[in-house]
Structures are given as C-alpha cells and as structure tokens.
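What follows is a set of notes on a single structure, which appears directly below.
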Amino acid sequence: MANPSKMDRRISIESRVLTQDSSGGNVETWTLLANAWAEQVEQRGKESETAGADRAENEIKWRVRFKSFLVGVTASSGYRITYKGEIFNITHTKREGRQDTHLLTTITTEGIS
287 MANPSKMDRR ISIESRVLTQ DSSGGNVETW TLLANAWAEQ VEQRGKESET
337 AGADRAENEI KWRVRFKSFL VGVTASSGYR ITYKGEIFNI THTKREGRQD
387 THLLTTITTE GIS
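Sequential numbering of the sequence shown, starting at 287, is according to the numbering used here.
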C-alpha cells in the first residue's frame, strides 16, 4: 500500500496544447491538469555526448495517487511535471495495481559546460 506520509512533494501535472497564431504557425502552451502530492521514488543520471555536445540526462520516478488522465501516457503524449521551477517530461506511466497509484517516469535533459 502507498504510504501517504512519503508523498511530501507538491507537483503540477501539465498537458501540452498546440494552437495556431495569427500567421498560421504553431504555438505551444501548457495547461495545468492537476496539482498533486507525490513521492520521489528513484533518481538515476547519465552523461553522454551527442553531435559533439555534452549533455546530462536525469531519470526520476514519482508516485502519485491515481489520475484517470494518466492512463496510457507515453513520451509522445505531451505531459510534464513541474516541481520547484524544474520541468520533468513524463515518458511513461504505470498503474500500481491495488495501491491505486501511478508510477511516473520522467526525464530532464540539460547541456553541460
């Protein structure tokens, strides 16, 4: 069973919305779907070099109470978490059976100087 006392981080779950501007170009905005309490479960990082540029990639897993809109979310679905001003792109969700929770896998990528 999920331990509510471990869900001590207040996150925002957002969805990408594409609209057209007056010139017909796409404009990306983000809509708040929910504020939720979450548990940061696991964090892993790696560094790599792509096209001559160094980058760091952080994978963080979050546990949140069940949200029906998260069922089937993948990396291409356009969902993200914001926490303390940082953005975490949701790449995968997994419903955790009887616990009535989701385990969200997120990725952040940044350049390294």
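For each residue, glycine too, the CB sits at the ideal point set by N, CA and C.
Does residue i pass the burial test, meaning 16 or more other C-beta atoms within 10 Å, or should it be called exposed?
{"i": "Arg422", "result": "Since the first residue of the chain shown is 287 and the last is 399, residue 422 is not available in this structure."}
{"i": "Phe352", "result": "exposed"}
{"i": "Val357", "result": "exposed"}
{"i": "Glu314", "result": "exposed"}
{"i": "Thr392", "result": "buried"}
Using DSSP's beta-bridge definition, name the partner residues of residue i.
{"i": "Glu300", "result": "Leu318, Arg366"}
{"i": "Glu328", "result": "Lys347"}
{"i": "Val359", "result": "According to DSSP, which records beta bridges pairwise, Val359 is partnered with nothing at all."}
{"i": "Lys353", "result": "Paired residues: none, contrary to the question."}
{"i": "Asn375", "result": "Arg366, Ile393"}
{"i": "Arg381", "result": "His388"}
May I have the straight-line CA-CA distance separating residue i from residue j, to the nearest angstrom?
{"i": "Lys347", "j": "Thr394", "result": "11 Å"}
{"i": "Ala320", "j": "Phe355", "result": "10 Å"}
{"i": "Ser399", "j": "Glu343", "result": "With a pLDDT of only 41 at Ser399, under 50, the local geometry of the prediction cannot be trusted, and the value read off the model is given with reservation. If you take the alpha carbons of Ser399 and Glu343, they lie about 14 Å apart."}
Open item on the list: Within 8 Å, do at least three Cβ pairs link the stretch 373-380 to the stretch 322-330?
Closed with: When Cβ pairs closer than 8 Å are counted between the two stretches, the stretch 322-330 is seen not to touch the stretch 373-380, the count staying below three.
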